[in-house]
Amino acid sequence: MPWIGIDTWFTYSEKFFSYVLHPSLSVTAYQTLNSFFHHVTNYNQQWNPEPIFNLPALGKILSLLAISFVLIY
């Protein structure tokens, strides 16, 4: 969609990543792969005070791998 311009895509990516990385996604009410890995690996005092592991980088990697696996297969 070249008619919407490059600035639109930069804005979209900023909004997308701010949503995907928001701490409230670690609540169990959100039933997505990304939210599951947030819940298991990301500590947040308000949204997720007791994760199984406090390894946010691992959660991001597992989330990307799981989503890639689903998209490929």
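Note that the sequence shown ends on residue 1495 in our numbering; no numbers are left out.
Just so you know, even glycine gets a beta-carbon here, dropped at the ideal spot from N, CA and C.
CB-CB length for S1448 against N1470, believed under 8 angstroms: 4 angstroms
Look up N1464 in the DSSP assignment and say whether it is helix, strand or coil. coil
Should the segment 1452 to 1460 be regarded as contacting the segment 1432 to 1439, the criterion being three or more beta carbon pairs within less than 8 angstroms? no
For N1476, which of helix, strand or coil comes out of DSSP? coil
Taking I1483 as the reference, which of L1443, T1430, N1466, A1451 has the closest Cα? L1443
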